[in-house]
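The sequence shown begins at 1365 in our numbering and counts up by one. First comes the structure, then the notes that go with it.
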Amino acid sequence: MMRLTHLSSYRLIATRALLPLIVSLVVFGTTAAIGVIPGAPEAGKIIFEERCASCHGPKGLGDGPRAPFLSPQPASLITAGISVKSDKELLNVISNGKPRTAMPAWKDLLTEQQQWDVLAYIRKLIRFYPKPLTPGPPNGSNKRSHPH
Ligand code: HEC
């Protein structure tokens, strides 16, 4: 009897001591999960199609339906020039917009996570775009139409 009581009170103390640890693990774990931002391209795709494709085009080529009416027109997002830019540089443009262009600031409309998601999607467009990013040699494709 003595022993049992002793054990159960020990267990109670142990639980009490562990509780803050468990709580903090859950809280920090969740914070970390939100804090580990690098984006989800699947979520980014939806954001891109909804918010960006009207200017930048569905594949990021800068050929969205609003593009012809803008000056300067949105450039292709899948060029080598964009791919070498850091996440920080591109997120800065996405967040704050680009001065003297139609590029809007998204910081009040998209969460930080959503901005990372859309960036991850842009990165994916760059990587998987099937055509070469540089044009082929001139006249290369015309040769066959002039047989000699
Ligand atoms: C109203 C038209 C418009 C919309 C909508 C728009 N953009 Fe832009 N964006 C532009 C223009 C214009 C530029 C400046 C020219 C350029 O650099 O392409 C630009 C530039 C950029 C650049 C910078 C390219 C560089 O050279 O650094 C990024 C990145 C970008 N946009 C991403 C986005 C994302 C992501 C969205 C959606 C959340 C979006 N844009 C929505 C018009 C738009």
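Virtual Cβ for every residue (Gly too), placed ideally from N, Cα, C.
Exercise. If you draw a straight line from the C-alpha of residue 1509 to the C-alpha of residue 1502, how long is it?
Worked result: Low per-residue confidence applies at residue 1509: pLDDT is 49, beneath 50, and the placement is therefore not dependable enough to give any value.
Exercise. Quick one: is residue 1482 buried, meaning 16 or more other Cβ sit within 10 Å of its Cβ, or exposed?
Worked result: buried
Problem set entry | Short Cβ contact (8 Å threshold) for residue 1308 with residue 1423 | The shown model of the chain, from 1365 to 1512, leaves out residue 1308, and the question about it has no answer.
Problem set entry | Given 8 Å, three or more beta-carbon pairs between the region 1450 to 1466 and the region 1404 to 1415 | no
Exercise. Hey, is residue 1458 close to the ligand HEC, as in C-beta under 7 Å from one of its heavy atoms?
Worked result: yes
Exercise. Between the Cα of residue 1438 and the Cα atoms of 1487, 1416 and 1375, which residue gives the shortest distance?
Worked result: It is 1416 whose Cα lies nearest to the Cα of residue 1438.
For this session: Decide if residue 1380 is buried, meaning its Cβ has at least 16 other Cβ atoms within 10 Å, or exposed.
Result: Answer is exposed; the Cβ neighbour count stays below 16.
Problem set entry | Run of the alpha helix (DSSP H) containing residue 1595, from where it starts to where it stops | Residue numbering for the chain in the displayed model covers 1365 to 1512; residue 1595 lies beyond these limits and cannot be assessed.
For this session: Consult DSSP for residue 1443 and reduce its assignment to one of helix, strand or coil.
Result: Residue 1443 falls in the coil class under three-state DSSP.
For this session: Could you give the DSSP three-state label for residue 1466: helix, strand or coil?
Result: coil
Exercise. Should residue 1412 be listed as close to the ligand HEC, given that the test is whether its C-beta is under 7 Å from any heavy atom?
Worked result: yes
Exercise. Taking residue 1421 as the reference, which of 1441, 1470 and 1457 has the closest Cα?
Worked result: 1441
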